[in-house]
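Participant: Take the position in the sequence shown, starting the count at 1, then add 54; the result is the number in the numbering used here.
Positions of the beta carbon are idealized from the N, C-alpha and C atoms, including for glycine.
The model shown is predicted, which means the values in this text are computed figures rather than measured ones.
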Amino acid sequence: MDISTQELKRVSVMTVKGRVDSATAPDLETALKQLVDADKTQIVLDLKDVEYMSSAGLRAMVSTLKAVKRINGDLRLCAPSARVAEVLRLAGLTSIFSIYPSQTEAVGSF
Numbered sequence: 055m056d057i058s059t060q061e062l063k064r065v066s067v068m069t070v071k072g073r074v075d076s077a078t079a080p081d082l083e084t085a086l087k088q089l090v091d092a093d094k095t096q097i098v099l100d101l102k103d104v105e106y107m108s109s110a111g112l113r114a115m116v117s118t119l120k121a122v123k124r125i126n127g128d129l130r131l132c133a134p135s136a137r138v139a140e141v142l143r144l145a146g147l148t149s150i151f152s153i154y155p156s157q158t159e160a161v162g163s164f
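1) Do you know how far the Cα of Ser-152 is from the Cα of Val-161?
2) Identify every residue that forms a DSSP beta bridge with Thr-69.
3) Candidates Thr-84, Val-116, Lys-102: which alpha carbon is nearest Gly-146's?
4) Run through DSSP, which three-state label would Arg-130 get?
5) Can you give me the C-alpha to C-alpha distance between Ala-77 and Ala-136, rounded to a whole angstrom?
6) Could you say which of Lys-71, Lys-87, Lys-94, Met-107 lies nearest to Arg-143 if we only look at CA atoms?
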């Protein structure tokens, strides 16, 4: 798994590539937590290059969403691959996450 982060105006965009499973999810959670700890509370998670997402990855995203919502922020998802979109739907998370078709739309939604 590869994680990169860039700052666009007042939004942090984190791009994740590869597999998010029980071995790599802690790295994702740590990277997200570092953003929140640095008062970056408007986060877009770009999932277009994620080919697999386990429940551990979902847990990392949900815990970050809860953390940023407490401080008036939000975690928004963009461009999930078909496989990841299906996992989000099956887990019932499409109602708690704002999901956008592109990074530009997700960033613009803040």
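Facilitator: Concretely, from the data shown:
1) Position 107 of the sequence shown, counted from the start, is the residue given in the question as residue 161. Position 98 of the sequence shown, counted from the start, is the residue given in the question as residue 152. The alpha-carbon atoms of Val-161 and Ser-152 are separated by roughly 11 Å.
2) Counted from its first residue, the sequence shown places residue 69 at position 15. For Thr-69, which the question treats as bridged, DSSP gives the partners Ser-58, Asp-100.
3) One-based indexing of the sequence shown puts residue 146 at position 92. Checked all of Thr-84, Val-116, Lys-102; the closest Cα to Gly-146 is Val-116.
4) Numbered from 1 along the sequence shown, position 76 holds the residue referred to as residue 130. In the structure shown, Arg-130 sits in a strand (DSSP, three-state: E or B).
5) Position 23 of the sequence shown, counted from the first residue, corresponds to residue 77. Position 82 of the sequence shown, counted from the first residue, corresponds to residue 136. C-alpha of Ala-77 to C-alpha of Ala-136: approximately 22 Å in a straight line.
6) For this step, residue 143 is matched to residue 89 along the sequence shown. Each of Lys-71, Lys-87, Lys-94, Met-107 was checked against the Cα of Arg-143, and the nearest Cα belongs to Met-107.
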